[in-house]
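Novice: Next up is a structure, given as structure tokens.
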Ligand code: PEP
Ligand code: MN
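Residue numbers (my numbering): 380 to 645.
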């Protein structure tokens, strides 16, 4: 099955100088100080093209930090102004899309808990009609390739042409080495269906812990992924979400230096 979607190549919507795309930033924007300092340190390191942040956090259980919401969006505008980098956030409702666009967020992504729900994806697709913004779609939390494919068909059906896939792994019923099993074969099959859609590895959410990040990053590059989205926090141990998998901007730089990107270096 090779499904034809109207897509634009990655290099036409973001200039990475031919290198893999690097998206870095905290799991969550927590405070203005935390977000801006992290953004400044990432910019100083020089490897990233895009700053990520979770502004609305889809937590599995209530009672954990659910994101700052709209008040965090001016921090992203400020980071963009200071660093010249693009910004990317997760959107899960039509209202999130409206606010993201109002505050000039450059790239939107659908999280794994959104891709899993066709009603939810369709509501986002409807909100994106007539909008020209890049949209990245994470794999669904469960290993169901068709849901991932369907989400692309819905978002592309709304007229979005700047599309990318994020491979963040799949949830496990039992404890495994990984927080989310990579099941690399599913991403390979995705590529055979949508050869023109760039694949971005998310080692942070596959690993769940710092010690596995390099190995997963290397594997993604060996599979010719087009980029990476990696969580980075100025003080990872104090992070309000996903503390055990985040790296400082400097440690992320060190990690990337140890990866064989073939013809690119960071
Ligand atoms: C995230 O990127 O912080 C996140 C919530 O990821 P996922 O949707 O992959 O769980
Ligand atoms: Mn996270």
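Just so you know, even glycine gets a beta-carbon here, dropped at the ideal spot from N, CA and C.
Once DSSP output is grouped into helix, strand and coil, what is the label at residue 517?
Specialist: Reduced to three states, the DSSP call for residue 517 is strand.
Novice: Where does residue 393 fall in DSSP's three states?
Specialist: Of the three classes helix, strand and coil, the one that applies to residue 393 here is coil, per DSSP.
Novice: Residues near ligand 2, CB to any non-hydrogen atom under 5 angstroms, in chain order?
Specialist: With the cut-off at 5 angstroms, the residues found are 406, 621.
Novice: Mind checking whether residue 628 and residue 417 have CB atoms under 8 angstroms apart?
Specialist: Yes, they are a contact pair.
Novice: For residue 434, count neighbouring Cβ atoms within 10 angstroms of its own Cβ and tell me buried if that reaches 16, exposed if not.
Specialist: Burial call: buried.
Novice: Just checking residue 428 against ligand 4 - is the residue's beta carbon closer than 7 angstroms to any of the ligand's heavy atoms?
Specialist: Here the bound small molecules are ligand 1 and ligand 2; ligand 4 is not part of this structure.
Novice: So, at 8 angstroms on beta carbons, what are the nonlocal neighbours of residue 509 in its own chain, with the 5 sequence-adjacent residues on each side left out?
Specialist: For residue 509, where only same-chain residues beyond five positions count, the Cβ hits under 8 angstroms are 538.
Novice: Is the CB-CB distance between residue 535 and residue 489 below 8 angstroms?
Specialist: No, they are not a contact pair.
Novice: Quick one, are the C-beta atoms of residue 542 and residue 514 less than 8 angstroms apart?
Specialist: Contact: yes.
Novice: Distance check for residue 585 and residue 571, CA to CA, integer angstroms please.
Specialist: About 22 angstroms.
Novice: Roughly how many angstroms lie between the CA atoms of residue 558 and residue 429, to the nearest whole one?
Specialist: If you take the alpha carbons of residue 558 and residue 429, they lie about 24 angstroms apart.
Novice: Is it right to say residue 552 is buried, meaning 16 or more other beta carbons lie within 10 angstroms of its own, or is it exposed?
Specialist: By the 10 Å Cβ count, residue 552 comes out exposed.
Novice: Tell me whether residue 441 counts as near ligand 1, meaning its Cβ is closer than 7 angstroms to at least one heavy atom of that ligand.
Specialist: It does not: the Cβ of residue 441 is nowhere closer than 7 angstroms to a heavy atom of ligand 1.
Novice: Should residue 491 be counted as a contact of ligand 1 given a C-beta to heavy atom distance under 7 angstroms?
Specialist: For ligand 1, at least one heavy atom lies less than 7 angstroms from the Cβ of residue 491.
Novice: Starting from the N-terminal side, write out each stretch of the alpha helix (DSSP H) that is 4 residues or longer and does not extend beyond the segment 412-499.
Specialist: Entirely contained in the segment 412-499, the alpha helix (DSSP H) runs reaching 4 residues are, in chain order, 452-462, 473-481, 491-494.
Novice: Pair every Cβ in the segment 441-452 with every Cβ in the segment 573-590, then say whether three or more of these pairs are closer than 8 angstroms.
Specialist: Judged by Cβ distances under 8 angstroms, the segment 441-452 makes no contact with the segment 573-590, as fewer than three pairs qualify.
Novice: Hey, which unbroken runs of the alpha helix (DSSP H) at 4 residues or more fall wholly within the segment 509-569?
Specialist: Here the runs fully enclosed are 524-536.
Novice: Beta carbon of residue 469: closer than 7 angstroms to some heavy atom of ligand 1?
Specialist: Indeed, a heavy atom of ligand 1 lies less than 7 angstroms from the Cβ.
Novice: I'd like to check one pair, residue 639 with residue 608: are the Cβ atoms closer than 8 angstroms?
Specialist: It is not a contact, given that the beta carbons lie outside the stated cut-off.
Novice: Considering only heavy atoms of ligand 1, does any lie closer than 7 angstroms to the CB of residue 584?
Specialist: Indeed, a heavy atom of ligand 1 lies less than 7 angstroms from the Cβ.
Novice: When the Cα of residue 453 is compared with those of 479, 464, 473, 406, which residue comes out closest?
Specialist: Cα-wise, what sits closest to residue 453 is 479.
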